[in-house]
Amino acid sequence: MQKLRIALHCSELVPQPLLRWHHYRTPGSAAQVSGPFLRSDAAISGQYNEQVATYHVENFGCRATQADGAAIERQLRERGLERAGAASNAEVVVLNTCTVTASADQDARAAIRRIHRENPEARILVTGCYAQRAPAELSGLPGVSLVVGNSHKHDLADYASPLPGGFVPVGHIGGTPDSQVIVGDIFAHTELMAAPVFDSDSFQKTRPNLKVQDGCNNRCSFCIIPYVRGKSRSLKLEQVVREVDALVANGYREVVLSGINLGRWGRELSPRTNFAAMLRAILADTAVEKIRISSVEPTDWTNEVIELVASSPRIAKHAHVPMQSGSDKVLRGMHRKYRPWHYADRIARIRRAMPDASIGADVMVGFPGESDGDFEQTRALIERLPFTYLHVFTYSSRPGTPSAQIPEQVPVQVARERNRVLRELAAQKKREFMQSFVGREMQAITLTRFDGEFTEALTDNYLKLRLRGRHAANQWMRGAIQALDNNALIGR
Ligand code: SF4
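With the sequence shown counted from 1, adding 18 to any position gets you this note's numbering.
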């Protein structure tokens with residue numbers, strides 16, 4: 019299929035975060051390129067690149083971004099590039115960014131500055147959610163050669179690969195020495211990048227994370243994600259099964275299923291299907307020993323999903339259910355699709371079906387207009403519900419989101435204090451939950467870390483277990499729990 023791809027010069031961009039770019043154009047000389055590669059026979063100016071041999075990919079943010087980064091790496095390897103040990107000795111450095119908070123943006127900018135300082139010769143390619151949201155902001159930073167939005171991320175390896183017959187440094191397209199920007203309409207984007215993530219930490223060396231869904235059709239008022247990741251789309255069932263099969267064939271025993279709005283898997287496929295059907299198919303058609311489900315919205319924890327998770331020993335007893343707030347008023351302001359009582363009902367049902375399950379939630383404090391009374395409702399609901407851990411976030415205003423327009427922003431000190439209160443409550447609940455397993459036996463998968471005395475492991479219900487002695491990684495073991503020490507169970 020012929021594709022027209024034209025680089026935008028950064029100064030031509032209007033840096034509106036939610037602007038949809040429907041048209042691509044370039045200033046100066048025609049930078050029209052047919053086909054998926056930037057080839058020397060295109061009517062563009064610039065020098066030929068020498069052999070680009072080494073790359074480094076640095077990922078920021080959520081599991082979905084890690085999975086995108088793994089897919090980029092896979093593509094770069096397929097094109098013959100070699101992985102460099104570090105950004106400081108790579109010829110091409112890909113920064114796969116996150117933009118979910120202002121501090122995520124800051125981290126990305128700091129990384130660009132660091133890499134450019136340590137390795138001024140490197141061509142820095144910036145992609146990911148920040149690149150989609152504010153490409154001009156990034157392309158203006160020293161050292162950045164190219165900014166590729168999520169809309170074109172699936173082709174990113176083409177811009178970094180050496181090609182037989184010539185290759186044009188993208189930084190020179192259009193005859194200018196400045197960086198280039200390739201960003202399109204994210205809502206027209208239908209690609210789903212997916213590659214299992216193995217190597218970002220010791221957990222994932224033994225428990226690969228497989229992204230099966232991307233994008234989101236919801237519009238939570240604080241969330242930038244739909245505008246940078248686009249519509250909800252799902253990996254086809256046959257591909258899901260194939261990827262899981264490949265992981266099993268490579269010796270992996272637990273696979274973590276992830277997505278931006280995982281519970282919506284299958285809704286846009288034809289014929290329409292759903293998350294429970296995917297779980298059933300994985301159980302029936304693959305030999306995977308354990309599936310772990312990452313975050314699923316409360317409305318998608320249907321009775322069917324709860325019963326399936328509870329009844330299968332091959333699905334980890336772990337439910338991560340974003341809550342955000344316990345105040346009806348705040349949930350409405352956030353445009354969340356459930357009310358506190360619906361949420362409480364789902365959690366109670368999960369607990370009844372799985373008495374030992376780990377149950378966690380994302381909670382946000384400091385949403386605009388959150389009063390002391392609203393916060394108290396959140397605190398009280400958390401106290402009442404059987405959570406075993408929480409991820410507590412402080413609201414971060416994202417330019418272009420509806421909530422950024424709400425005038426009653428909560429003072430930073432107040433939001434920080436609310437965050438502290440919830441973290442303390444969560445820590446207490448976690449301790450009590452963990453303590454309840456002392457004296458019992460638990461199943462856990464061994465991870466790679468050994469500290470000289472203990473091997474780290476993760477229980478079926480998501481608790482850190484330190485098993486006495488050295489054990490090979492990636493083994494299911496039964497441990498007798500002896501104590502709770504410093505946020506980990508001790509067992510043998
Ligand atoms: S469900 Fe809401 S918070 Fe989650 S990605 Fe979609 S819009 Fe964002």
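For glycine and all other residues, C-beta sits at the position ideal for the given N, C-alpha and C.
In the same chain as residue 120, and ignoring 5 residues on each side of it, the C-beta atoms closer than 6 Å to its own belong to 414, in chain order. The region 228-304 is shown to contain whole alpha helix (DSSP H) runs of 4 or more residues at 243-247, 255-267 and 293-303, in chain order. Going by DSSP, residue 170 is part of no beta strand (DSSP E) at all; its letter is neither H nor E.
Annotation for residue 150: the continuous alpha helix (DSSP H) segment containing it runs 147-151. Less than 8 Å divides the Cβ of residue 295 from the Cβ of residue 284.
Separation of the CB atoms of residue 230 and residue 277 is rounded to 6 Å, and the pair is thereby assigned contact status at 8 Å. Taking a C-beta distance under 8 Å as the contact criterion, residue 364 and residue 410 do not qualify as a contact pair. Taking a contact as a CB-CB distance under 8 Å, the pair residue 252 and residue 209 does not count as one, their CB atoms being some 12 Å apart.
Counting along the chain, the unbroken beta strand (DSSP E) around residue 114 starts and ends at 110-115. The criterion of a C-beta distance shorter than 8 Å is satisfied by residue 481 and residue 507.
Judged by DSSP in its simplified three-state form, residue 329 adopts helix. A Cβ-Cβ separation of about 12 Å leaves residue 159 out of contact with residue 149 under the 8 Å criterion. Distance from residue 308 to residue 271 at the Cβ level is roughly 6 Å; contact confirmed, criterion being Cβ atoms closer than 8 Å. In its chain, beyond the 5 residues on either side, 74, 105, 133, 140 and 142 have a beta carbon closer than 6 Å to the beta carbon of residue 111. When 306, 347, 304 and 298 are compared, the shortest CA-CA separation from residue 324 is found for 298. Among the bridge pairs identified by DSSP, residue 337 is matched with 377. The bridge partners DSSP lists for residue 472 are 486. Beta bridge pairing from DSSP links residue 450 with no other residue. The alpha carbon of residue 248 has as its nearest neighbour, out of 226, 225 and 202, the alpha carbon of 202. Counting along the chain, residue 494 sits inside the beta strand (DSSP E) bounded by residues 494-503. Residue 509 carries a strand assignment under DSSP once its states are collapsed to helix, strand and coil.
Taking one beta carbon from each stretch, the region 377-396 and the region 84-102 have fewer than 3 pairs nearer than 8 Å; the two do not touch. Minimum Cα-Cα distance from residue 504 among the listed residues 314, 422, 467 and 448 corresponds to 448. Per DSSP, the continuous beta strand (DSSP E) segment holding residue 72 begins and ends at 72-77. Any heavy atom of the ligand SF4 counts here; residues with a Cβ closer than 7 Å to one of them, in chain order, are 234, 236, 237, 238, 241, 243, 244, 278, 279, 315 and 340. The way I'd put it, the region 305-322 doesn't touch the region 343-351; fewer than three beta-carbon pairs between them come closer than 8 Å.
DSSP links residue 405 through a beta bridge to no other residue. DSSP lists 497 as the beta-bridge partner residues of residue 460.
Contact between residue 85 and residue 264 does not hold, since the beta-carbon distance rounds to 14 Å and is not under 8 Å.
In the DSSP annotation of this structure, the continuous segment of the alpha helix (DSSP H) that includes residue 348 starts and ends at 346-351. The beta carbon of residue 488 sits closer than 7 Å to the beta carbons of 468 and 473 from its chain, once the five residues preceding and following it are set aside; these are given in chain order. Residue range 120-136 is occupied by the alpha helix (DSSP H) that includes residue 124. With a cut-off of 8 Å on Cβ pairs, the region 361-380 is in contact with the region 325-335, counting three or more such pairs. The DSSP-derived three-state label of residue 311 is strand. Residue 498 sits away from residue 484, with the two beta carbons spaced by 8 Å or more.
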